[in-house]
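**Q** Got a structure for you, questions after.
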Amino acid sequence: MTDSSTPLEIPEHLFTAIDHVGIAVRDLDEAIAFYEGTFGMRLAHQETNEEQGVREAMIAVGDSGSHIQLLAPLDDSSTIAKFLERSGPGVQQMAYRVTDVEAVSAILRERGVRLLYDAPRRGTSDSRINFIHPKDAGGVLVELVEPAADAAH
């Protein structure tokens, strides 16, 4: 019998990997060239996400399945533009891969953690995402990423 006042445990398998580290950049093409030319990394995916207000590129870190996500603002009103204005280029968020973004979100809410969205939104490559408020994650903007069913992670 389970005591309903006992907090739910997050099953270990829901957090499967560091999916990516998001880095705010002013010029996406210049940043891609830097990661390819300087670090020998490979461009894995590039897209424009109108809802998030960014042009983005996923840069593969070897064959690990982890990526560096380069984020450039589409206009001055985007979250990334505001981040760049406030903090300059650099690490903007840490993203963890999950198998079920709704389940993880529900468990975290039960534990008093604030999420930015009531329901998951579309992320890179049709993933489903939500964010943990930085004040509830040690000052770090944490993204939860559930890859699309057909994604090759």
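Residue numbers (the UniProt record's numbering): 1 to 153. Just so it is clear, CB atoms sit at the ideal spot from N, CA and C, and this is done for glycine as well. Since the model is a prediction, treat every value here as computed from it, not as a measurement.
1) Quick check on DSSP: helix, strand or coil for K99?
2) Using only CA atoms, which one of L74, T99 and E143 lies nearest to Q93?
3) Please report the straight-line C-alpha distance between V61 and G40, rounded to a whole angstrom.
4) When the Cβ atoms of the segment 39-57 are set against those of the segment 97-105, are three or more pairs found closer than 8 Å?
5) Give me the residue from A31, G90, T48 and L116 with the minimum Cα distance to F131.
6) If you follow the alpha helix (DSSP H) that R86 is in, where does it begin and where does it stop?
7) Determine, using beta carbons only, whether H45 and S125 come nearer to each other than 9 Å.
**A** Well, looking at it:
1) Going by the sequence as given, residue 99 is Thr instead of Lys. Residue state, collapsed to three classes: coil.
2) Nearest option by C-alpha distance: E143.
3) In this structure, the CA atom of V61 is about 9 Å from the CA atom of G40.
4) No, because fewer than three Cβ pairs between the segment 39-57 and the segment 97-105 fall closer than 8 Å, the two stretches do not touch.
5) Distances from the CA of F131 to each of A31, G90, T48 and L116 were compared; the closest alpha carbon is that of L116.
6) Residues T79 to S87.
7) Against a cut-off of 9 Å, the Cβ pair of S125 and H45 comes out as a contact.
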